[in-house]
Each structure stands twice: as structure tokens, then as C-alpha cells.
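The structure appears right after this line, and notes come after that.
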Amino acid sequence: MNVRTIFACALILASSSAFSSEGIVGGYSPISATLPEAISIAKSAVAMKNALSENKKIRLVSVKKAETQVVAGTNFRLCLLVKDKTHMFRVHAVVYRDLGGKFLLTEWSPNGC
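If you want it as C-alpha cells, here you go:
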């Protein structure tokens, strides 16, 4: 190997390790579950789920984990502790906020998180 090849490889490794400490480009990045924005998005997710449900009405107990992903808008991936009339359980929810600020519940999985 010549000196230029070794230098190029070292430069690539150094730049890729700089990105790995901030997360994967295009991937989800963690945010604090106690941020007012995370709690507001979680409340919106529960309200949207309740609007789709005929019988079960649930309420948000807490946000356990929150992450964001920048796309053409923002995805919020949340782990929520929710409660219905008789049970408390965790759900995995994804809320999409478009560039105009509108929200859409894109995933809701009662299998936990």
C-alpha cells in the first residue's frame, strides 16, 4: 500500500466514527421523554388512537422513551405507558408531523416496547 491509500483509509475511518457518536444519518435519535414536545406528541397519539377506537378509551400515563427521525417532516417514535378502564400497558407508537405541522398516527402496537 502506498502512503496515499493509507491516508485515505484513515480519513474515511475517522470521519465515519465521528458520525457514529451522533447516530445513524437518517435514523432515529433519542430525545428526552420529559420534553414538553415529547409529552405533547404522546398526548396527540393517544387522542388520535381514541378517535379511531369505538369502545376503548385510553389515557396517557407516561412517556417511557422518545426518538425523532427527520424525513420530509419528522417521525416521533414513542414508548408509552397507557391505561384503559382496567389495565395499564405499554404501546409502541409512531407519529408523523408533516412540514405544515399536521400530525398523523402511523403506527400503534400494543405489543409493548
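In this text, residue positions in the sequence shown follow this note's numbering: the first is 213, and each later residue adds one. Cβ atoms here follow ideal geometry from the backbone N, Cα and C, with glycine treated the same way. Please read all numbers here as calculations on a predicted model, not as lab measurements.
As assigned by DSSP and simplified to three states, the class of residue i
| i | result |
| --- | --- |
| E319 | strand |
| A305 | strand |
| T331 | Any property of residue 331 remains undetermined from this structure, which presents the chain solely from 213 to 325. |
| K295 | strand |
Inter-residue Cα distance where the pair is residue i and residue j
| i | j | result |
| --- | --- | --- |
| N323 | K276 | 15 Å |
| E319 | T298 | 23 Å |
| A263 | G285 | 23 Å |
| N287 | S252 | 14 Å |
| G235 | A278 | A caution first: G235 carries a pLDDT of 49, below 50, which makes its placement in the model unreliable, though a value can still be read off. Using only the alpha carbons, I get a separation of about 14 Å. |
| R334 | G238 | The requested residue 334 does not occur in the structure, where the chain is confined to residues 213 to 325. |
| H304 | P242 | 15 Å |
| N267 | D296 | 10 Å |
| L317 | D310 | 11 Å |
| V282 | Y240 | 8 Å |
| F315 | M300 | 25 Å |
| T280 | T246 | 14 Å |
| K269 | S244 | 26 Å |
| Y308 | A254 | 12 Å |
Continuous beta strand (DSSP E) stretch holding residue i: start and end
| i | result |
| --- | --- |
| K276 | 271 to 283 |
With contact counted as at least three CB pairs below 8 Å, one residue from each stretch, are the segment 245 to 259 and the segment 282 to 296 in contact? Three or more beta-carbon pairs drawn from the segment 245 to 259 and the segment 282 to 296 are found closer than 8 Å, and the two stretches are therefore classed as touching.
Please go through the segment 233 to 269 and give each complete alpha helix (DSSP H) segment of 4 or more residues, from N-terminal end onward. Here the runs fully enclosed are 248 to 264.
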